Amino acid sequence: MAKPISLPFYEKLPLKNTVQRILDTTIFFLLLSLLDYRVFSLHSNGFTCLLALFCESWFTIVWAHILSSKWNPVEYRTYPERLLHRVDELPPVDMFVTIADPILERPIITVNTVLSLLAVDYPANKLAWYVSDDGGSFLTFYALLEASKFAKLWVPFCKKYGIQNRAPLRCFYDEEESPIDDSVEFLGEYTKMKDEYEVLRRKIEDATEYVGAEEYVAFSNKDRRNHPSIIKAHKYLNYLSL
Numbered sequence: 022m023a024k025p026i027s028l029p030f031y032e033k034l035p036l037k038n039t040v041q042r043i044l045d046t047t048i049f050f051l052l053l054s055l056l057d058y059r060v061f062s063l064h065s066n067g068f069t070c071l072l073a074l075f076c077e078s079w080f081t082i083v084w085a086h087i088l089s090s091k092w093n094p095v096e097y098r099t100y101p102e103r104l105l106h107r108v109d110e111l112p113p114v115d116m117f118v119t120i121a122d123p124i125l126e127r128p129i130i131t132v133n134t135v136l137s138l139l140a141v142d143y144p145a146n147k148l149a150w151y152v153s154d155d156g157g158s159f160l161t162f163y164a165l166l167e168a169s170k171f172a173k174l175w176v177p178f179c180k181k182y183g184i185q186n187r188a189p190l191r192c193f194y195d196e197e198e199s200p201i202d203d204s205v206e207f208l209g210e211y212t213k214m215k216d217e218y219e220v221l222r223r224k225i226e227d228a229t230e231y232v233g234a235e236e237y238v239a240f241s242n243k244d245r246r247n248h249p250s251i252i253k254a255h256k257y258l259n260y261l262s263l
């Protein structure tokens with residue numbers, strides 16, 4: 022059985038440029054005529070004409086170079102929807118989020134970055150997410166654990182409704198953003214997701230002491246600038262503190 026022909030992801034379409042070509046050609050011949058005039062005027066005008074010839078020759082060369090780059094204008098028409106028919110050809114991708122200080126880089130911002138990556142429109146079996154925390158903060162790790170629980174709701178919601186702004190902080194609180202659907206079903210789920218995000222945000226902002234829990238023993242009694250490596254693997258992401 023013959024293998025089906027794969028449609029290209031883009032097409033290169035030439036654009037009509039007749040009028041512009043006529044104008045550019047006319048200017049080019051006028052420049053050549055000017056240079057010809059300068060050459061035949063050298064004997065009567067001396068150094069001044071030689072200097073003008075040099076400058077105008079350089080301008081003509083640069084102009085011709087620019088002209089060659091726009092002589093055949095094209096338009097690229099892309100077809101991202103065809104990716105769905107060639108999923109097997111997509112390469113695996115590793116995504117890294119690097120942080121160093123939970124005070125300067127607030128955990129809620131890191132969480133929004135990670136959630137937006139988890140919900141990206143790409144085959145999940147070809148993606149791997151890593152968070153590299155140089156500071157080894159238990160607060161950051163706790164925030165990511167809570168975010169992984171919220172992701173079980175957030176990722177399906179984004180994929181179901183085609184949410185483009187996948188960071189909850191921007192999706193729910195950006196003044197320029199508004200619900201993309203007016204249906205009762207969507208608004209109900211939108212409100213539910215916003216409430217769930219509020220719960221997540223309060224948990225992260227109120228977290229002060231979780232070192233006693235089993236998950237956080239590795240983070241206790243350590244120097245933020247000099248500590249052993251900590252690696253935690255979870256279903257949705259991998260945490261690295263090296």
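In case it helps, the working numbering puts the sequence shown at residues 22 to 263. Backbone N, C-alpha and C fix where the C-beta goes; we use that ideal spot for every residue, glycine too. Values in this document were obtained by computation on a predicted structure and should not be read as measured data.
Ser-62 - DSSP class collapsed to helix/strand/coil: coil
Buried versus exposed call for Ser-277 [16 or more other C-beta atoms within 10 Å across all chains shown]: Summary: the structure shown does not reach residue 277, with the chain confined to residues 22 through 263, and so no result is reported for it.
Per-residue burial, Ala-172 [other beta carbons within 10 Å of its own, 16 or more giving buried]: buried
Proximity test, Phe-178 beta-carbon vs the ligand ZN heavy atom, cut-off 7 angstroms: What this structure holds is no ligand at all, so the ligand ZN is not there to describe.
Val-126 versus Leu-160 - alpha carbon distance: A quick correction: the sequence has Glu, not Val, at residue 126. Spanning the two alpha carbons is a distance of roughly 11 angstroms.
Touching by the beta-carbon criterion (3+ pairs, under 8 angstroms), the segment 94-101 and the segment 110-124: no
Run of the alpha helix (DSSP H) containing Lys-147, from where it starts to where it stops: No alpha helix (DSSP H) holds Lys-147; DSSP gives it neither H nor E.
Where Leu-28 sits in the DSSP three-state scheme: coil
Same chain only: Cβ atoms within 6 angstroms of Asp-45, ignoring 5 sequence neighbours per side: Leu-88
Same chain only: Cβ atoms within 8 angstroms of Ile-82, ignoring 5 sequence neighbours per side: none
Where Ile-225 falls, given that 16 or more other Cβ within 10 Å makes a residue buried: buried
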